[in-house]
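Protein chains in written order, with the working numbering: chain A, 8 to 122; chain B, 9 to 124. Note that CB positions come from ideal geometry on N, CA and C, so glycine has one too. Right, one structure below, let's go through it.
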Amino acid sequence: AQSVTQLDSHVSVSEGTPVLLRCNYSSSYSPSLFWYVQHPNKGLQLLLKYTSAATLVKGINGFEAEFKKSETSFHLTKPSAHMSDAAEYFCVVSEWKAAGNKLTFGGGTRVLVKP
Amino acid sequence: KAGVTQTPRYLIKTRGQQVTLSCSPISGHRSVSWYQQTPGQGLQFLFEYFSETQRNKGNFPGRFSGRQFSNSRSEMNVSTLELGDSALYLCASSLGETVLGSDTQYFGPGTRLTVL
């Protein structure tokens with residue numbers, strides 16, 4: 008069975024400072040890992056995905072994440088936060104098997120950006 | 009290319025009624041998945057359809073059902089609505105056939121269901 012733990016339910020940063028969102032996963036197979044962002048009253052937008060290629064993954068809007076198998080982690084970072092980054096972020100694991108596609112979501116991290 | 013569309017965007021129903029939600033996937037995508045999002049339970053997987061067949065199912069009661077049509081559009085139905093069914097229902101589409109689980113799901117804006 009797969010599971011995802013986002014270690015912080017809320018993160019508060021000042022505009023222009025780095026953002027770190029922490030995610031640990033558990034998976035029986037080689038997983039695919041994703042980060043999605045959800046702005047208020049909106050659907051989920053894909054930020055980036057890891058699929059067993061490079062361990063450092065670059066996404067949209069300056070975000071990147073590093074896959075560390077030994078630590079079963081997939082933390083999301085951005086060097087400089089912008090006001091528009093205020094949203095909820097979800098770490099997601101996918102185990103695709105012959106039976107099809109199923110995503111398991113972390114509990115989410117709500118990011119507040121202070122001016 | 010147009011994204012995933014969901015209709016209606018907002019819905020208000022009363023307990024005991026039934027509801028049907030609709031999802032149109034991205035052109036060329038054959039897999040449609042449904043998720044329920046609530047403040048208490050977060051995002052939970054309901055089911056996945058691929059080529060008109062339910063391929064995967066989450067842990068929801070039989071009141072929740074779905075189907076997929078030959079054009080890949082999907083509908084989700086909830087019968088005998090309960091207050092706890094109030095949620096944002098998200099649909100996601102993907103190609104549906106990949107190697108090593110790299111199929112990427114693209115989400116629609118959701119349908120906000122309120123049960124009174």
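{"query": "Does phenylalanine 97/A come within less than 8 Å of chain B when only Cβ atoms are used?", "result": "yes"}
{"query": "By a C-beta neighbour count over all protein chains shown, 10 Å radius and 16 as the cutoff for buried, is threonine 15/B buried or exposed?", "result": "exposed"}
{"query": "Whose Cβ in chain B lies nearer than 7 Å to the Cβ of glycine 50/A?", "result": "Leu98, Phe115, Gly116, Pro117 and Gly118"}
{"query": "Specify whether the segment 23 to 37 of chain B and the segment 108 to 119 of chain A touch according to this definition: at least 3 beta carbon pairs, one from each stretch, less than 8 Å apart.", "result": "no"}
{"query": "Kindly indicate which three-state DSSP category leucine 89/B falls into: helix, strand or coil?", "result": "coil"}
{"query": "Of the residues Leu55/A, Ser101/A and Val11/A, which one's Cα is nearest the Cα of isoleucine 67/A?", "result": "Leu55/A"}
{"query": "For valine 12/B, report the span of its beta strand (DSSP E) as first-last.", "result": "Counting along the chain, valine 12/B falls outside any beta strand (DSSP E), and DSSP gives it neither H nor E."}
{"query": "For phenylalanine 53/B, would you say it is in contact with chain A, using Cβ-to-Cβ distances shorter than 8 Å as the test?", "result": "yes"}
{"query": "Listed from N- to C-terminal order along the chain, which residues in the segment 33 to 67 of chain B have their beta-carbon within a distance smaller than 7 Å of any beta-carbon of chain A?", "result": "Ser39, Ser41, Gly50, Leu51, Phe53, Glu56, Phe58, Arg63 and Asn64"}
{"query": "Strictly under 8 Å for the Cβ-Cβ distance: is glycine 66/A near chain B by that measure?", "result": "no"}
{"query": "For isoleucine 34/B, does the three-state DSSP call read helix, strand or coil?", "result": "coil"}
{"query": "What are the residues in the segment 63 to 92 of chain A lying within 9 Å of chain B by C-beta distance?", "result": "none"}
{"query": "Taking serine 101/B and asparagine 85/B to be in contact with their CB atoms under 8 Å, please state how far apart those CB atoms are, rounded to whole angstroms.", "result": "Wrong, their Cβ atoms sit about 18 Å apart, outside the cutoff."}
{"query": "Exposed or buried, what is threonine 119/B when buried is set at 16 or more other beta-carbons lying within 10 Å of its beta-carbon?", "result": "buried"}
{"query": "Skipping 5 residues on each side, what residues in its chain have a beta carbon closer than 8 Å to that of glycine 11/B?", "result": "Ile34, Tyr114 and Gly116"}
{"query": "Considering only the beta carbon of each residue, do tyrosine 57/A and phenylalanine 70/A sit closer than 8 Å?", "result": "no"}
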